[in-house]
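Asker:
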Amino acid sequence: MPIFERPPLDSLTPARDRWTPIYLEKGRLEVDDASVKWIGADGFITRLPVATLSALILGPGTTLTHAAIKTCAQSNCPVFWMGEDGMRFYAFGITPNHDNSMARLHADAWAHRRKRAEVARRMFLNRFPEARVQGLSIQQLRGMEGRRVKATYAELGSQFGVIWKGRDYKTSNWSLADGINRALSASNASLYALTAAVCCSMGFLPQLGFVHQAGTLPFIYDAADLYKHQTSWPAAFEALSIDPKDDGSLVRKILKRRIEETRMLRRMPDELKKLFDNLPGQAPDECELNPLQPRSDA
8 MPIFERPPLD
18 SLTPARDRWT
28 PIYLEKGRLE
38 VDDASVKWIG
48 ADGFITRLPV
58 ATLSALILGP
68 GTTLTHAAIK
78 TCAQSNCPVF
88 WMGEDGMRFY
98 AFGITPNHDN
108 SMARLHADAW
118 AHRRKRAEVA
128 RRMFLNRFPE
138 ARVQGLSIQQ
148 LRGMEGRRVK
158 ATYAELGSQF
168 GVIWKGRDYK
178 TSNWSLADGI
188 NRALSASNAS
198 LYALTAAVCC
208 SMGFLPQLGF
218 VHQAGTLPFI
228 YDAADLYKHQ
238 TSWPAAFEAL
248 SIDPKDDGSL
258 VRKILKRRIE
268 ETRMLRRMPD
278 ELKKLFDNLP
288 GQAPDECELN
298 PLQPRSDA
């Protein structure tokens, strides 16, 4: 019977100080008396410090015990399931957040048209500081974003010597996509997993997006878009320029390096919270909610 004591809340590492995610495939995740451990297909055992990891990303051929998931949840370490070569982002397990103040602030901003549009504008300015977005609708912002994204892809293709013909892929048949589109999908999927880990640990609501609306993770896509131009996009182009036949392992390695170089994990919590500061019609006490501290009247 595994014996693993639940760590005190104040002892858990904040999201900004956690290590980048670990990707695992073809093995088993379980718990013993001391820690969570990974048993690879080769029999090699690795102990995982889940209380200091931002996320565990599980690929094909992985199994895990109930105790392992329980321990990850208690340590506030989200777990994600991805497809072969990191091409598909299947699902994630939400860790139990200890406070709902950020969720309430998020829901309030999403429910009011003016606040929702203002958050969308701030997201756009975060990526394109020189843009003039005052008074633009969300639909107009999407149009501006599309044009700028296409230009960024073309610039990266030229920078890394990768032929770029446009974003073209089918989720039902990855084999039809060219190398760079497959690399972008793999890189973005890993970034989504990390972004979901940070957002959920802070109490944001993945289902309520401001620019994206469809699907079950629109806010995750919104948040990830703030960092793609610094991390997942250049990682994909760089990986393909080095190894056109990369199976996804190189792009994940380069993505990890870029996340560390840009200090994305350290920046993301504060930058996401600032999106909701002093919104139109927001009372002062609404702006002072601290998502990391439990309410005294809970």
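Quick note: the sequence shown, position 186, residue 193 per the numbering used here, numbers continuous. Quick reminder that beta carbons are idealized off the backbone N, C-alpha and C, glycines included.
Taking only three categories from DSSP, how would you classify LYS44?
Answerer: If DSSP states are grouped into helix, strand and coil, LYS44 belongs with the strands.
Asker: Going by other Cβ atoms of all chains shown within 10 Å of its Cβ, with 16 needed for buried, is SER144 buried or exposed?
Answerer: Exposed is the call here.
Asker: Within its chain, find whatever has a CB closer than 8 Å to the CB of LEU215; leave out the 5 residues flanking it on each side and keep chain order.
Answerer: The residues are HIS113, ALA114, TRP117, PRO225, PHE226.
Asker: Going by DSSP, what residues sit across from ILE76 in a beta bridge?
Answerer: Answer by DSSP bridge pairing: none, since ILE76 is not bridged.
Asker: Do THR238 and LEU262 have their beta-carbon atoms positioned less than 9 Å apart in this structure?
Answerer: Contact: yes.
Asker: Should GLY100 and ALA80 be called a contact, given that it needs their Cβ atoms to be closer than 9 Å?
Answerer: Going by C-beta atoms, GLY100 is nearer than 9 Å to ALA80.
Asker: So what does DSSP say about LEU212, is it helix, strand or coil?
Answerer: In this structure, LEU212 counts as coil in the three-state DSSP scheme.
Asker: Is the beta carbon of ARG129 less than 9 Å from the beta carbon of LYS281?
Answerer: Yes; because the gap between Cβ atoms is below 9 Å, this pair is in contact.
Asker: Beta strand (DSSP E) containing LYS87: first to last residue?
Answerer: The question names Lys, yet the displayed sequence has Phe at residue 87. Element bounds for PHE87: 86-89.
Asker: Around the Cβ of LYS122, are there at least 16 other Cβ atoms within 10 angstroms (buried) or fewer (exposed)?
Answerer: So LYS122 counts as buried.
Asker: Alpha carbon to alpha carbon, what distance is there between SER194 and ARG273?
Answerer: Near 20 Å, if we compare the C-alpha coordinates of SER194 and ARG273.
Asker: Just reading off the alpha helix (DSSP H) that ARG265 is part of, what are its end residues?
Answerer: Residues 256-268.
Asker: Is it true that the CB of LEU63 sits closer than 9 Å to the CB of CYS84?
Answerer: Yes; because the gap between Cβ atoms is below 9 Å, this pair is in contact.
Asker: Helix, strand or coil: which one does DSSP assign to VAL156?
Answerer: In the structure shown, VAL156 sits in a helix (DSSP, three-state: H, G or I).
Asker: To the nearest angstrom, how far is it from the Cα of ARG120 to the Cα of ALA196?
Answerer: The straight-line gap from Cα to Cα measures roughly 30 Å.
Asker: Cα separation between MET151 and ARG265?
Answerer: Computed Cα separation, rounded: 26 Å.
Asker: Out of GLY68, THR59, SER61, point me to the one whose CA is closest to LEU36's CA.
Answerer: When each option's Cα is compared against that of LEU36, the closest is GLY68.
Asker: Do you know how far the Cα of ASP254 is from the Cα of PHE217?
Answerer: About 33 Å.
Asker: Start and end of the beta strand (DSSP E) containing ILE29?
Answerer: 29-31 is the span of the beta strand (DSSP E), which, as asked, contains ILE29.
Asker: Name the two residues that bound the continuous beta strand (DSSP E) containing ARG35.
Answerer: ARG35 -> beta strand (DSSP E) spans 34-38.
Asker: Check this for me: beta carbons of GLY34 and MET109, under 9 Å apart or not?
Answerer: Cβ distance not < 9 Å, so GLY34 and MET109 don't count as in contact.
Asker: Taking the CB atoms as reference points, tell me whether VAL247 and PHE167 lie closer together than 9 Å.
Answerer: Checking the displayed sequence, the identity of residue 247 turns out to be Leu instead of Val. Yes, Cβ-Cβ distance for LEU247 and PHE167 is below 9 Å.
Asker: Buried or exposed: where does ALA161 fall if 16 or more other Cβ atoms within 10 Å of its Cβ makes it buried?
Answerer: By the 10 Å Cβ count, ALA161 comes out exposed.
Asker: If you measure from the CB of THR269, is any heavy atom of the ligand GDP nearer than 8 Å?
Answerer: Absence of the ligand GDP is noted for the structure shown, with no ligands found whatsoever.
Asker: Look at the alpha carbon of HIS236 and the alpha carbon of PHE244, and state the distance between them as a whole number of angstroms.
Answerer: HIS236 and PHE244: Cα-Cα distance of roughly 11 Å.
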